[in-house]
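The numbering used here numbers the first residue of the sequence shown as 30 and each following residue consecutively.
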Amino acid sequence: MSSITERIQQANLTKKERTIIEKITRDIEKTAFLNGIGLAERYDVSATFITRLIQKLGYEKFADFKKELRDRYQRMTFPKDMYRHFLEGGGGNIVKASITRDVQNISNMETLLDKKMLNKVVSAIERSDTVYMVAMFGSEIAVDALFYYLGRLGMKRRKVKGVGLSKKIEFTNIGKDDVLVAFSSQRIVKEVVAAAEYAKKQGAKTVAITDNATNPLACACDYTLLSPVKGVAIDYTNAATIAMINVIVNCLAERDPEKVQAQLEEDERLWKNKDIFCM
């Protein structure tokens with residue numbers, strides 16, 4: 030079976046067709062999750078154009094083409110493949126590369142930020158009784174950060190992490206007055222999606238903080254905030270995700286200054302009584 034690259038090289042494509050397929054493969058982090066209509070809308074062509082293009086590449090049906098895109102996307106995001114690609118590139122200045130990538134991800138997050146969507150998420154959290162947070166593996170860092178900062182604001186919250194979280198969430202009292210914030214990016218974890226789907230069935234508002242607006246987690250949730258996570262050597266990075274959490278928490282803090290001030294003063298009294306700091 031020929032790879033998509035070989036198919037592109039061998040196919041008798043028009044200039045426009047070649048341009049579109051090159052864009053599709055270049056933007057694979059976004060296109061891997063789109064259907065034919067989604068691809069057509071993204072590149073301002075007709076659905077018929079996409080169908081004809083796929084046929085000229087030798088695919089019998091769109092599902093075969095989509096599987097090839099997904100396989101290619103997964104190869105880009107598997108830690109072992111990512112690390113091999115890093116080594117093949119000669120490594121280079123890893124310190125500079127790491128910092129540059131994080132800065133790029135945060136900058137891209139700002140560019141992608143939908144202010145109206147952000148406002149809806151902040152409002153939902155502000156009105157909620159309890160904020161539930163779910164994640165597995167590397168994304169658990171984000172849950173811990175959000176859990177801590179919401180505590181500083183005096184908000185009720187609960188974190189559900191690790192293997193089995195999709196069952197753990199079923200043993201909570203999550204309901205229509207609550208919000209669930211779900212973290213997962215690149216290779217989306219099935220249990221995180223299942224937890225979001227369960228919470229939604231119980232009437233809770235659901236928020237995805239992820240790297241793609243069309244992946245399974247984004248599709249399962251009411252609201253989606255995008256935070257790019259592309260890493261350098263061994264895995265994805267949470268720099269932009271943590272920055273997104275900071276944005277959410279700061280927006281919440283801005284909305285109720287008196288309540289936040291009272292909470293911070295109470296924290297200060299507690300810390301003094303416990304004598305926990307050096308200064």
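Glycine included, each C-beta is placed from N, C-alpha and C at the ideal position. Keep in mind the model is a prediction, meaning the values are calculated, not measured.
Asked	Found
Using the Cα positions of D56 and F62, report the straight-line distance between them to the nearest angstrom.	11 Å
Do you know whose CA, among Y161, R156, L142 and I33, lies nearest Y102's CA?	I33
Do Q231 and G204 have their CB atoms nearer than 7 Å?	yes
With H, G and I counted as helix, E and B as strand and the rest as coil, what does DSSP make of K205?	coil
May I ask you to verify whether the stretch 234-244 touches the stretch 207-223, counting CB pairs closer than 8 Å and requiring at least 3?	yes
Pairs of beta-carbons, one from the stretch 127-135 and one from the stretch 249-265, closer than 8 Å: are there three or more?	yes
Consult DSSP for Y102 and reduce its assignment to one of helix, strand or coil.	helix
What are the start and end residues of each continuous beta strand (DSSP E) run of 3 or more residues lying completely inside the stretch 208-290, in chain order?	208-212, 234-239 and 252-255
Would R186 and F200 be called neighbours here (beta carbons separated by less than 7 Å)?	no
CB-CB under 6 Å to G180, same chain, minus the five flanking residues each way: which ones, in chain order?	none
So, is D240 buried or exposed, given that buried needs 16 or more other C-beta atoms within 10 angstroms?	buried
What residues match up with V189 in a beta bridge as DSSP calls it?	V163
If you draw a straight line from the C-alpha of M184 to the C-alpha of R113, how long is it?	43 Å
Please say whether I170 and N275 have beta carbons closer to each other than 7 Å?	no
On the premise that C280 lies in contact with V151, defined as a C-beta separation below 8 Å, what is that separation, rounded to the nearest angstrom?	5 Å
Short of 6 Å in beta carbon distance, which residues of its chain neighbour V222, apart from the five on each side in sequence? Order them along the chain.	P245, L246 and A249
Taking the CB atoms as reference points, tell me whether M339 and K188 lie closer together than 7 Å.	Any question about residue 339 goes unanswered here, given that the chain covers just 30 to 308.
Per DSSP, what kind of secondary structure is V132 in: helix, strand or coil?	helix
Would you kindly check if the distance between the Cβ of I66 and the Cβ of A76 is under 7 Å?	yes
Among P286, E283, I271 and N302, which one has its Cα closest to the Cα of M138?	I271
For the alpha helix (DSSP H) that contains E58, what are its first and last residues?	I57 to T60
Could you give the distance in angstroms between the alpha-carbon of G193 and the alpha-carbon of E220?	7 Å
Which residue wins for smallest C-alpha separation from Q215, given the options T243, A225 and E226?	T243
Between the Cα of I135 and those of L254, K149, K52 and K96, spot the shortest distance and give me the residue it belongs to.	L254
When burial is assigned at 16 or more other CB atoms within 10 Å of the CB, is R156 buried or exposed?	exposed
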